[in-house]
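Engineer:
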Ligand code: URA
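In the numbering used here, the protein residues as written are 252 to 547.
1. Got a sec: does the ligand URA put a non-hydrogen atom nearer than 8 Å to the Cβ of residue 416?
2. Go through the residues and name those whose CB comes closer than 5 Å to any heavy atom of the ligand URA, in chain order.
3. Kindly confirm or deny that the segment 442-455 and the segment 408-421 touch, where touching means at least three C-beta pairs closer than 8 Å.
4. Report the CB separation of residue 470 from residue 498 in whole angstroms; it is logged as a contact under 8 Å.
5. With 16 as the cutoff for other CB atoms within 10 Å, does residue 476 come out buried or exposed?
6. Tell whether a beta-carbon distance below 9 Å holds between residue 390 and residue 431.
7. Since residue 392 and residue 435 are thought to touch, with beta carbons under 8 Å apart, how far apart are those beta carbons, to the nearest angstrom?
8. Output yes or no for whether 9 Å exceeds the beta carbon distance between residue 377 and residue 364.
9. Among 356, 416 and 505, which residue has its Cα nearest to the Cα of residue 474?
10. Return the residue from the list 535, 427, 399 and 438 that minimises the CA-CA distance to residue 385.
11. Residue 439: which of 413, 409 and 510 sits nearest, CA to CA?
12. Residues in the same chain with beta-carbon distance under 6 Å from residue 503, minus the five sequence neighbours each way, listed in chain order, please.
13. Find the nearest neighbour of residue 353 within the set 402, 437, 457 and 537, judged by alpha-carbon distance.
14. For residue 478 and residue 487, what's the separation of their Cα atoms in angstroms?
15. Hey, quick one: how far does the alpha helix (DSSP H) through residue 480 stretch, first residue to last?
16. So who's on the other strand from residue 392, going by DSSP bridges?
17. Could you tell me which residues DSSP puts in a beta bridge with residue 382?
18. Leaving aside the five residues before and after residue 485 along the sequence, list all residues of the same chain whose C-beta is less than 8 Å from its C-beta, in chain order.
19. Looking only at its chain, what residues have a beta carbon closer than 6 Å to the beta carbon of residue 298, apart from the 5 residues adjacent to it on each side?
20. Going by other Cβ atoms of all chains shown within 10 Å of its Cβ, with 16 needed for buried, is residue 425 buried or exposed?
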């Protein structure tokens, strides 16, 4: 069957438009030009070399040539990474997922609401997805919902959540409007059961998608489970807290103590609270939030 050149041209135009949009969404501010032609580059590197004497031009061929070479309308294979220099110089915080592959928070939440990927679906009342602003620059990540969260369908509403809210207010932020709060695992583990590696592995794709959609500037990882799941490795929170890390190589993470730990009665908690506040002050500085006078 004869190909329709107009249809092929339209397909090329559509592909080019989609490619340019993807470049724009990835942060490229322009289309880099190709490298200079090799002949120009060679002249530039050897300015004093006398040109070789030119051989006389060969005689014109006698057989008539076609007026124009046949034009192929099929698309050339896409280069793997056509503009590596643009990608390398792009600010680290931009996610590189093509927009078409990114799901909205509402769609991810609806997916999580009917999730049966692990055994926790049998005992939960409902999955607990998030609270706060889905466009916040600051995201707090805990481990898993407790009984109050399971009943309410919102993370951090029990005693640990009340302390978390006080910590957020101490930063001068509104816990509902200025931050996004979620957990590594969305369903409540039964009483006394610590989340397992299998449950975490089943659930963490939701969190990766959530963080991609929110695209916060800073993530505060609360406690060992959150730090381990976000950053990998086996180092504990006492060792990691207070030092900036990177999630997926591009989003700042500040590991700090979980509010449930800070609430426990014990001799270490006073110092741990001071440490946690120091960690949050680093976050405030990074986000250009005003430090309280006595802390500035
Ligand atoms: N602890 C968490 O880690 N998350 C909650 O939602 C509640 C308590």
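By construction, the Cβ of each residue, glycine as well, lies at the ideal position given by its N, Cα and C atoms.
Structural biologist: In short:
1. Between the ligand URA and the CB of residue 416, the shortest heavy atom gap is not smaller than 8 Å.
2. Taking a cut-off of 5 Å from the heavy atoms of the ligand URA, the residues with a C-beta inside it are 393, 394, 396, 397, 400, 406, 407, 411 and 434.
3. With the cut-off at 8 Å, the segment 442-455 and the segment 408-421 do not touch.
4. About 6 Å separates the two Cβ atoms, so the contact holds.
5. With 16 or more Cβ atoms within 10 Å of its Cβ, residue 476 is classed as buried.
6. Yes, they are a contact pair.
7. Between residue 435 and residue 392 the Cβ distance is about 6 Å, and since that is below 8 Å, they are a contact.
8. In terms of Cβ geometry, residue 377 and residue 364 form a close pair [threshold 9 Å].
9. Closest by alpha carbon: 505.
10. Among 535, 427, 399 and 438, the Cα nearest to that of residue 385 belongs to 427.
11. When C-alpha distances from residue 439 are compared across 413, 409 and 510, the shortest belongs to 409.
12. Short of 6 Å from the beta carbon of residue 503, and not among the five residues preceding or following it, lie these beta carbons of its own chain, in chain order: 469 and 495.
13. Comparing Cα positions, the closest option is 457.
14. Between residue 478 and residue 487, the C-alpha separation is close to 8 Å.
15. For residue 480, the enclosing alpha helix (DSSP H) stretches over residues 474-482.
16. Residue 392 pairs with 433 and 472.
17. Per DSSP, the beta-bridge partners of residue 382 are 432.
18. Closer than 8 Å at the Cβ level, and outside the excluded window around residue 485, lie 479.
19. For residue 298, the predicted model reports a pLDDT of 34, less than 50, meaning its position is unreliable; a value from the coordinates is still stated below. No residues qualify anywhere along the chain.
20. That one is exposed.
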